[in-house]
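S.K.: In terms of the working numbering, the sequence shown opens at residue -11 and continues consecutively.
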Amino acid sequence: MHNEDREFMRLAIDEGKKSRPEDGRSHPFVGAVAVKDGKVIATAYRGEVEKGQHAEHTLLELKLGSESLVGATVYTTLEPCTTRNHPEVPCAERLIERRVARVVIGMHDPNPRIRGLGFQALQRARIDTEEFPREFREEIESDNREFIRDQLAHFSKGATPDFINANKNRSLDHWYEMVNAIYWHQLFYRDEMHVFIHLIEVTGGLSLIASQKKKPKVDSQNFVAKALSWWMSLCGKVQINSVETLLWRKFPHVCPYCLKCPHDSDECNDIKNQTGSRLDWDKLTEIGKEGQNRPKSLGDWQRMFAEIYQPQAIADNRIIFARIIEELGEMAEALRVFHTEPGYFLTEAADVFAWIMALQNFVELKDEVPRKNRGMRLETAFCNMYPDQCIYCGSYPCNCPPIVESTIGRIAKETPLGEGAYGQYGIFMTPEMTDHRFNPAKRQHH
């Protein structure tokens, strides 16, 4: 980031301090600056020309309505909105329509209905999207502390009925983007193996479904949503462009071996014995090109897998859980060789997703969920677990500490007193003791 950027950010902050509230409620202080060819072409602040009018609207429409902004940079102290009352046009949409090249944003909108969506809308439109540096963000948040406090006062853990109704039919790729956006900062410095470990940890929760073991305050249903979210995080970490494409490549509404829906178990076994479980990728590609039955929402994907692998054909959910563990083992191998053979990950990731869907379909079958309603339970659980913000801290992106106390399992809290210590009286060795015992060069003299 250049010194000129900091000058323009400073100007946007100073403009924002001039904002005029339109009523007695708390409203944000927002400033915006448009720069082209290194020169400021206009500035604006909220309510400058019209009472209650957003700074970006004032900047783009009232001041620069006839100007070409192709290639320009806009600095705004608040994330551009994605919803406005008709006939107003959302600020993010205005920026996209004016074809600006870059948008630099001071702080995320604290409104849970907007937070992060402005960033995503701009990025999907291929607009370079950046943030102000920390010291400027802190000043902007300080200026807007009353507005932030009022917005957070309306926050409640989990999703509201309105949120569920509005978002339960989101596409799988939309959920994929949102989950990775919420935890972008938390996962940034973790490699794919660390993310995979979290997926394994959550799979332990899936075992509650297989074992039917009851635990207080634990909803086994939520572990399916958690497992899928960590699967999405892992796909994000290895930079999968579209998880929908990843899945459709192997499961284009047919079993990838017998190429039928529903799949034929006997024919599948014969084909696997003949081919050594090799897939006819050309045929799968040909089937997938038709794309007529390609799922659109998370619930659609669950229902598709129920059609391919009918849950009534499975005798015991412990079989499904065993297959999930098997597929996770193969995914571990795919990650081990990922940097040499990245393509191996694609087919294993698809298999893990398919067996998680099988488990969900089996549970809903046993719970006598009507066929037409299958998938709704999972969509609702996903909305509750990931309501466009972290349910633990209520922030987007997540601002939780590295380890959230409430997420530590009971086993970690049942360690015998004193055995967690290092050295002579604990169960763990100090680094020096480990080096002395295991280093081959030092063991010669031991």
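Glycine included, C-beta positions come from ideal geometry on N, C-alpha and C.
Thinking C-alpha only, which one of T65, E295, E129, I188 is nearest I1?
M.R.: T65
S.K.: Hey, out of R34, A32, H42, S56, whose CA is closest to K24's CA?
M.R.: S56
S.K.: Please identify the residue among L353, Q348, C386, C388 whose C-alpha is closest to the C-alpha of A369.
M.R.: Q348
S.K.: Of the residues T148, E76, M95, which one's Cα is nearest the Cα of Y374?
M.R.: T148
S.K.: In the DSSP output, what is T368 paired with across the bridge?
M.R.: In the DSSP output, where bridge partners are listed per residue, T368 has none listed.
S.K.: In the DSSP output, what is Y33 paired with across the bridge?
M.R.: G19
S.K.: Could you check how far apart the C-beta atoms of Y33 and A43 are, in whole angstroms? I think they sit under 8 Å.
M.R.: 5 Å
S.K.: What residues in its chain sit with their C-beta under 7 Å from that of N168, if we drop five residues either side in the sequence?
M.R.: M220, S221, G224
S.K.: Would C249 pass as a contact of E295 if the rule is Cβ separation under 8 Å?
M.R.: yes
S.K.: Keeping to the same chain, check which residues put their C-beta closer than 6 Å to that of V58; ignore five residues upstream and five downstream.
M.R.: R87
S.K.: Near L(-1), which residues of its chain fall below 8 Å by C-beta distance, leaving aside the five closest residues on each side in sequence?
M.R.: Only residues of its own chain outside the window of five on either side were considered, and among them G19, V21, V28, T31, Y63 have a CB closer than 8 Å to the CB of L(-1), listed in chain order.
S.K.: Which residues does DSSP list as the beta-bridge partners of K238?
M.R.: K238 pairs with nothing; no bridge assigned.
S.K.: Please state whether DSSP places V226 in a helix, a strand or coil.
M.R.: coil
S.K.: Less than 8 Å separating the beta-carbons of H251 and Y297?
M.R.: yes
S.K.: Helix, strand or coil for K277? Go by DSSP, reduced to three states.
M.R.: helix
S.K.: Let me confirm a value: R122 is counted as buried when at least 16 other C-beta atoms fall within 10 Å, else exposed. Which label applies?
M.R.: Classification for R122: exposed.
S.K.: Taking DSSP's pairing of strands, which residues face R90 in a bridge?
M.R.: T61, D116
S.K.: Tell me the rounded alpha-carbon separation between C381 and A303.
M.R.: 41 Å
S.K.: Should E164 be labelled buried (16 or more other beta-carbon atoms within 10 Å of its own) or exposed?
M.R.: For clarity, residue 164 is Tyr in the given sequence; the question names Glu instead. That one is buried.
S.K.: Skipping 5 residues on each side, what residues in its chain have a beta carbon closer than 7 Å to that of N210?
M.R.: A369, M373
S.K.: To which residues of the same chain is M345 closer than 6 Å at the C-beta, ignoring the five residues directly before and after it?
M.R.: When the five nearest sequence neighbours on each side are left out, the beta carbons in the same chain lying within less than 6 Å of the beta carbon of M345 are those of Q290, F293, in order along the chain.
S.K.: State the Cα-Cα distance for the pair D288 and E356, rounded to the nearest angstrom.
M.R.: 18 Å
S.K.: In whole angstroms, give me the CA-to-CA distance for H424 and G414.
M.R.: 17 Å
S.K.: So, do the segment 255 to 275 and the segment 227 to 241 have three or more beta carbon pairs nearer to each other than 8 Å?
M.R.: yes
S.K.: Could you tell me the boundaries of the alpha helix (DSSP H) in which H173 lies?
M.R.: 172 to 175
S.K.: Note down, in chain order, each residue of its chain lying with its Cβ closer than 6 Å to the Cβ of E119, except the 5 sequence neighbours on either side.
M.R.: I93
S.K.: In chain order, what residues of the same chain have a beta carbon less than 7 Å from the beta carbon of T70, not counting five sequence neighbours either side?
M.R.: Only residues of its own chain outside the window of five on either side were considered, and among them P78, A80, I102, L105, G106, A109 have a CB closer than 7 Å to the CB of T70, listed in chain order.
S.K.: Run the CB neighbour count on F416, radius 10 Å, all protein chains shown included, and call it buried at 16 or more, exposed below.
M.R.: exposed
S.K.: Using the C-alpha atoms, what's the distance from P16 back to S7?
M.R.: For S7 and P16, the distance between alpha carbons rounds to 8 Å.
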